[in-house]
Amino acid sequence: MKEIIARITDKVFEKQEPDQGCFTPFNIVAGIILIIGAILTVLRFTMGFETVTNLDNNNPWGIWIGFDLLCGVALAAGGYVTSATCYIFGLKRFHSAVRPAILTAFLGYALVVFALHYDVGRPWRLTYPVFYSQGTSSLLFEVGLCVFLYLSVLFTEYSPAALEWLGFKRARNIVVRLTIALTILGVVLSTLHQSSLGALFMIAPSKLHPLWYSTYLPVYFFISSMFAGMSMVIFEGSLAHKYLHHKMDQTHLDESDGVVLGFSKAASFVMMGYIGIKVVGLAIDNNWHYLTTGWGLWFLVEILGFVLCPALLFAAAYREKNLKFARAAAIWTVLGIVLNRFNVSMIAFNYHLPADQRYFPSLMEIGTSVFIVTLGVVIYRFICTRMPILHEHPDYKAH
Amino acid sequence: MEFYSLQDFYVHCKGITYLVMGAILVFAPLYWGFLTDREDD
Chain A
2 MKEIIARITD KVFEKQEPDQ GCFTPFNIVA GIILIIGAIL TVLRFTMGFE
52 TVTNLDNNNP WGIWIGFDLL CGVALAAGGY VTSATCYIFG LKRFHSAVRP
102 AILTAFLGYA LVVFALHYDV GRPWRLTYPV FYSQGTSSLL FEVGLCVFLY
152 LSVLFTEYSP AALEWLGFKR ARNIVVRLTI ALTILGVVLS TLHQSSLGAL
202 FMIAPSKLHP LWYSTYLPVY FFISSMFAGM SMVIFEGSLA HKYLHHKMDQ
252 THLDESDGVV LGFSKAASFV MMGYIGIKVV GLAIDNNWHY LTTGWGLWFL
302 VEILGFVLCP ALLFAAAYRE KNLKFARAAA IWTVLGIVLN RFNVSMIAFN
352 YHLPADQRYF PSLMEIGTSV FIVTLGVVIY RFICTRMPIL HEHPDYKAH
Chain B
-9 MEFYSLQDFY VHCKGITYLV MGAILVFAPL YWGFLTDRED D
């Protein structure tokens, strides 16, 4: 055990090349955000919700659920989408995208659980729904169980990279043999909880505006998570190209254009399908007349401005083989997903309340969310600069 | 449009929904064709 701990410590503090010193612009900005986040954390857990949030009885779920949880889970969908593409559909040209996508998904879900500690009243009881008092008729129980299981699956899927880095060959080989089983489990669990997050809002038909409320909400959340995941893979890939280029090997560099264009094509088609089922939702509930109201305009901004337009840009990117278009469309789509989750959980939620009773997040709530995202970026960078995520480990080239 | 019974309402909604679904069935392969028509180039 002592040997293992010593090996991990040595590896963690190993000097990285190129060494630019501690005070790089990224480190300074991230450091400031993390210090502010630490202060906000102390405030949250010592002074309670009232000091740091604008939450109240009308609005018990705010930006920590709308952004940290709903957007976090949707944008972490790249993990199951990419691994299913590679291992289930057998498209091996996407193999180099699997590890970065799995890492992003693992960190995304880990931070979702981390953020949940801030949002629940008694975080030390977060394990109760799974281990102590199962509310099997509750959607939240299903979401909690799936997130718990899927986080474990993602950790196991990610672990070969860490084991290769630490030199634990035997353990790594055992985990790699589980890849297909883990991928299938990941897809099943993602299907369940991505849709259940949408289904959570079906309990409040009178609170959510009819243009967003639908019995198809679970389907909308699941389908949108697919193109959210693909867009995130493209987006993080472009960031990795820019800032971690020196960590990428030739295989990753050669395959990256194909990954971007392949996911552009798939995202464009799935987004068009999503628009189709949104129109079906409008038709089945006969909600056409709402489209001429202010809320209707906002709904059209979301659907036409943040789904149709990026879908057409993805199509143009694939047809013209234009990577810039694809990256722009990916950022646009990610913003669209954030807008959709905000609309469902906050903007169109409690839409009938007078303006003074509507929810708007406090600066400290926003600061906490920024802190959690920054924490994710810092850990991602830490792992990518050390472990074989953007390159293959020389001892396992055949994999 | 006014409805005088629940039956009227559902006939209307489902009728429109079937038309929309028919349009999607026609549009989907056309869009796939649009996406992939330069793949051979």
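Which chain is which? The protein sequence lines are A and B, in order. Counting in our numbering, the first sequence runs from 2 upward without gaps. Counting in our numbering, the second sequence runs from -9 upward without gaps. For every residue, glycine included, the Cβ atom is placed at its ideal position computed from N, Cα and C. No experiment lies behind these values; they were computed from the predicted model shown.
Check: So, is the C-beta of Lys325(A) closer than 8 Å to a C-beta in chain B?
Finding: Position 324 of the first sequence, counted from the start, is the residue given in the question as residue 325(A). It does not: the Cβ of Lys325(A) has no partner Cβ on chain B nearer than 8 Å.
Next item on the list: Could you spell out where the alpha helix (DSSP H) holding Ile175(A) opens and where it closes?
Entry: Sequence index remark: in the first sequence, residue 175(A) carries index 174 (1-based). Start and end: Lys170 to Arg178.
Next item on the list: Mind checking the stretch 11 to 23 of chain B against chain A and listing, in chain order, the residues whose C-beta falls within less than 8 Å of any C-beta there?
Entry: Met11, Ile14, Phe17, Ala18, Tyr21 and Trp22
Item checked: Inter-residue spacing [alpha-carbon to alpha-carbon] between Val261(A) and Lys325(A) -> If you number the first sequence from 1, residue 261(A) lands on position 260. If you number the first sequence from 1, residue 325(A) lands on position 324. Going from the Cα of Val261(A) to the Cα of Lys325(A) covers about 10 Å.
Check: Does the beta carbon of Leu(-4)(B) come closer than 8 Å to any beta carbon on chain A?
Finding: By one-based count along the second sequence, residue -4(B) stands at place 6. For Leu(-4)(B), the closest Cβ of chain A is not nearer than 8 Å.
Checklist line | Under 7 Å by beta carbon: chain B residues contacting Val280(A) | finding: For this step, residue 280(A) is matched to residue 279 along the first sequence. Result: Val10.
Note to self: Could you compute how far the alpha carbon of Glu(-8)(B) sits from the alpha carbon of Met233(A)?
What the structure shows: Walking along the second sequence from the start, residue -8(B) turns up at place 2. Walking along the first sequence from the start, residue 233(A) turns up at place 232. Those two C-alpha atoms are separated by around 46 Å.
Margin query: Against chain B, with Cβ distances strictly below 8 Å, would Gly277(A) count as a contact?
Written below: Taking the first sequence and counting its residues from 1, one reaches residue 277(A) at position 276. Chain B, which has a Cβ nearer than 8 Å to the Cβ of Gly277(A), makes this yes.
Margin query: Does Gln251(A) pass the burial test, meaning 16 or more other C-beta atoms within 10 Å, or should it be called exposed?
Written below: By one-based count along the first sequence, residue 251(A) stands at place 250. Exposed.
Margin query: Less than 8 Å between C-beta atoms, sequence neighbours within five positions excluded: which residues of the same chain meet that for Leu218(A)?
Written below: Here residue 218(A) is taken as the residue at index 217 of the first sequence, counted from 1. Hits under 8 Å: Gly199, Ala200, Phe202, Met203 and Val345.
Note to self: Counting only C-beta atoms, is Met233(A) closer than 8 Å to chain B at any point?
What the structure shows: Here residue 233(A) corresponds to residue number 232 of the first sequence, with the count starting at 1. No, Met233(A) does not count as interfacial toward chain B.
Note to self: I believe Val339(A) touches Cys72(A) by the beta-carbon criterion, under 8 Å. Please report the beta-carbon distance rounded to the nearest angstrom.
What the structure shows: Within the first sequence, numbered from 1, the residue matching residue 339(A) stands at position 338. Within the first sequence, numbered from 1, the residue matching residue 72(A) stands at position 71. With 8 Å as the limit, Val339(A) and Cys72(A) qualify as a contact, their Cβ atoms being about 5 Å apart.
Next item on the list: Report yes or no: is there a C-beta of chain A within less than 8 Å of the C-beta of Thr7(B)?
Entry: Locating residue 7(B) in the second sequence gives position 17, counting from the first residue. Taking Cβ atoms only, chain A reaches closer than 8 Å to Thr7(B), which makes this a yes.
Margin query: When you measure from the CB of Thr369(A) to every non-hydrogen atom of the ligand GTP, does any distance come out below 7 Å?
Written below: For the structure depicted, the ligand GTP is absent and the ligand set is empty, with no information on it obtainable.
Next item on the list: Along the alpha helix (DSSP H) that carries Ser225(A), what are the first and last residues, could you check?
Entry: Taking the first sequence and counting its residues from 1, the one referred to as residue 225(A) is at position 224. Taken as a continuous stretch (DSSP letters only), the alpha helix (DSSP H) holding Ser225(A) covers Leu218 to Tyr244.
Item checked: Inter-residue Cα distance where the pair is Leu419(A) and Gly5(B) -> This structure gives no information on residue 419(A), because the portion of chain A shown stretches from 2 to 400.
Check: Hey, how far is the Cα of Leu193(A) from the Cα of Cys147(A)?
Finding: Taking the first residue of the first sequence as position 1, residue 193(A) is located at position 192. Taking the first residue of the first sequence as position 1, residue 147(A) is located at position 146. Rounded to whole angstroms, Leu193(A) to Cys147(A) spans 7 Å at the Cα level.
Check: Along chain B, in chain order, which residues have C-beta atoms closer than 7 Å to that of Met273(A)?
Finding: Counted from its first residue, the first sequence places residue 273(A) at position 272. The answer, in chain order, is Tyr21.
Notebook entry, point to check: What does DSSP give as the partner residues of Phe95(A) in its beta bridges?
Noted result: Your numbering for residue 95(A) matches position 94 in the first sequence. According to DSSP, which records beta bridges pairwise, Phe95(A) is partnered with nothing at all.
Check: So, Leu150(A) versus Gly109(A), is the Cβ gap smaller than 8 Å?
Finding: As a first step, residue 150(A) must be located in the first sequence, where it is residue number 149. As a first step, residue 109(A) must be located in the first sequence, where it is residue number 108. No, Cβ-Cβ distance for Leu150(A) and Gly109(A) is not below 8 Å.
Next item on the list: Name, going along the chain, the residues of the stretch 282 to 304 of chain A whose beta-carbon falls closer than 8 Å to a beta-carbon of chain B.
Entry: Ala284, Ile285, Asp286 and Asn287
Margin query: Taking its Cβ as the centre, do 16 or more other Cβ atoms sit within 10 Å of Asn174(A), making it buried, or is it exposed?
Written below: Reading the first sequence from its first residue, position 173 is the one you call residue 174(A). Looking at its Cβ environment, which holds fewer than 16 other Cβ atoms inside 10 Å, Asn174(A) is exposed.
Next item on the list: Taking only beta-carbon positions, decide if Arg28(B) is within less than 8 Å of chain A.
Entry: Position 38 of the second sequence holds residue 28(B). Yes, contact with chain A.
Margin query: According to DSSP, Phe350(A) sits in a beta bridge with which residue or residues?
Written below: In the first sequence, counting from the first residue as 1, residue 350(A) sits at position 349. Beta-bridge pairing by DSSP links Phe350(A) to Leu209(A).
Note to self: Just to check my reading of the structure: Tyr352(A) and His210(A) have Cβ atoms closer than 8 Å, yes? What is that Cβ distance to the nearest angstrom?
What the structure shows: To locate residue 352(A), count along the first sequence from 1; it is residue 351. To locate residue 210(A), count along the first sequence from 1; it is residue 209. Their Cβ separation, rounded to whole angstroms, is 5 Å, which keeps Tyr352(A) and His210(A) in contact under 8 Å.
Next item on the list: Confirm, please, whether the CB-CB distance from Leu186(A) to Ile220(A) is below 8 Å.
Entry: Taking the first sequence and counting its residues from 1, one reaches residue 220(A) at position 219. Taking the first sequence and counting its residues from 1, one reaches residue 186(A) at position 185. Reading the sequence as shown, one finds Val at residue 220(A) and not Ile. No. Outside cutoff.
Check: If you draw a straight line from the C-alpha of Gly238(A) to the C-alpha of Arg328(A), how long is it?
Finding: Taking the first residue of the first sequence as position 1, residue 238(A) is located at position 237. Taking the first residue of the first sequence as position 1, residue 328(A) is located at position 327. Gly238(A) and Arg328(A): Cα-Cα distance of roughly 9 Å.
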